[in-house]
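Sequential numbering of the sequence shown, starting at 1, is according to full-length UniProt numbering.
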Amino acid sequence: MDLSNSNTAKNLDAAFAGESMANRKYLFFAEVARKLGMGDVAKLFRETANQETEHAFAHFRLIHPELAVEDASSLSEAEKKAMISRCLELAIEGETYEYTTMYPEFTTQAVEDRDDKAVAEFKEQIAESKEHAGIFRKAAQNFGFLTSIENHHANQYTEALQALDGVEPGAKSATSGKWICKQCSMIYDPVVGDPDSGIAAGTAFEDIPEDWYCPICGASKKSFVPYTEAIAA
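Written as structure tokens, this is what we have:
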């Protein structure tokens, strides 16, 4: 059932935001109570905060049912990667919104209101959100690299299995321009490049700066060799 344009969807978003805010607010109150030496009150706030978290999670599962994990053991590796990739996409989206739209607008308003402390706080949050988005984006990129690595490993295992049955491996070619890391099997594809490292899509491996390193394991450029792929029959 598509709830994307319904009032219920809007209410779920509002409820999720409200419960999430209550969680952080009560944890703040718990810290205040702890510092004041009121342990019992601090405990009450922490327990309530945990309950608000469960409420928020319940709302979020309804907002994003594709992320609800009922039985992880029943999921294929592809399904697991798809789910975590979606989580990363949402994280990037949120952090990017914060540093490109939300905090810049708040900063402008604070300047107009002449609130110097708020300006400083918002500018700090812009930098932090940008850093977080970069971390999530890097993780997403690494998952992309790891997908090709796992595909490479699967091909190797397939060839080994076929060899047991006496099947000779097919002819291979290194004409794709791809290079593979001898240390972790990360495959550099010139079509994709390595944008997070400043290597634009379309950059041939030979044109990459010598100080570039593998984004997965950190091996030097010298650790890469031409990648051979099976020639289509």
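Even for Gly, the Cβ is constructed at its ideal location relative to N, Cα and C.
Note that the structure is a prediction, hence the values are computed from the model and not measured.
Skipping 5 residues on each side, what residues in its chain have a beta carbon closer than 8 Å to that of residue i?
| i | result |
| --- | --- |
| R86 | H64, E66 and L67 |
| A200 | G193 |
| M83 | E66, L67, V69 and L75 |
| R61 | L67 and A68 |
| A204 | G177 and P190 |
| T175 | none |
Per the DSSP calculation, residue i is bridged to which residue(s)?
| i | result |
| --- | --- |
| A179 | Residue 179 is actually Trp in this sequence, not Ala. Its beta-bridge partners are Y188 and P226. |
| Y213 | S220 |
| K130 | Note: K130 sits in no beta bridge, so no partner. |
| D71 | Per DSSP, none; premise fails for D71. |
| I199 | D194 |
| S173 | E229 |
Grab me the residues of residue i's own chain with a C-beta within less than 6 Å of its C-beta, minus the 5 sequence neighbours each way, in chain order.
| i | result |
| --- | --- |
| F224 | W179 and C181 |
| A219 | C181 and Q183 |
| G202 | none |
| C217 | Q183 and C184 |
| G170 | A230 |
| A15 | H59 |
| K130 | Y99 |
| L12 | H59, L62 and I63 |
| S6 | none |
Following the continuous alpha helix (DSSP H) through residue i, name the residue where it begins and the one where it ends.
| i | result |
| --- | --- |
| S20 | N7 to K35 |
| Y99 | Taken as a continuous stretch (DSSP letters only), Y99 belongs to no alpha helix (DSSP H), as it is neither H nor E. |
| D165 | Element bounds for D165: n/a, residue is neither H nor E. |
| V41 | G39 to I63 |
Between residue i and the rest of its own chain, which residues show a CB-CB distance below 7 Å, the 5 nearest in sequence each way excluded?
| i | result |
| --- | --- |
| K172 | T228, E229, A230 and I231 |
| L44 | none |
| V41 | A33 |
| F106 | F122 |
| E210 | K221 |
| F28 | none |
For the putative contact between residue i and residue j, defined by C-beta atoms under 8 Å, what is the C-beta separation to the nearest angstrom?
| i | j | result |
| --- | --- | --- |
| P215 | D196 | 7 Å |
| Y26 | A49 | 4 Å |
| A30 | R46 | 5 Å |
| H152 | I187 | 6 Å |
| K222 | W212 | The Cβ separation is near 10 Å, so there is no contact. |
Cβ of residue i within 7 Å of any heavy atom in the ligand SAH?
| i | result |
| --- | --- |
| E77 | Within the structure as shown, the ligand SAH is missing, as the structure has no ligands at all. |
- Item | Given 8 Å, three or more beta-carbon pairs between the stretch 68 to 78 and the stretch 17 to 36 | no
- Query: Should the stretch 87 to 104 be regarded as contacting the stretch 117 to 127, the criterion being three or more beta carbon pairs within less than 8 Å?
  - Reply: yes
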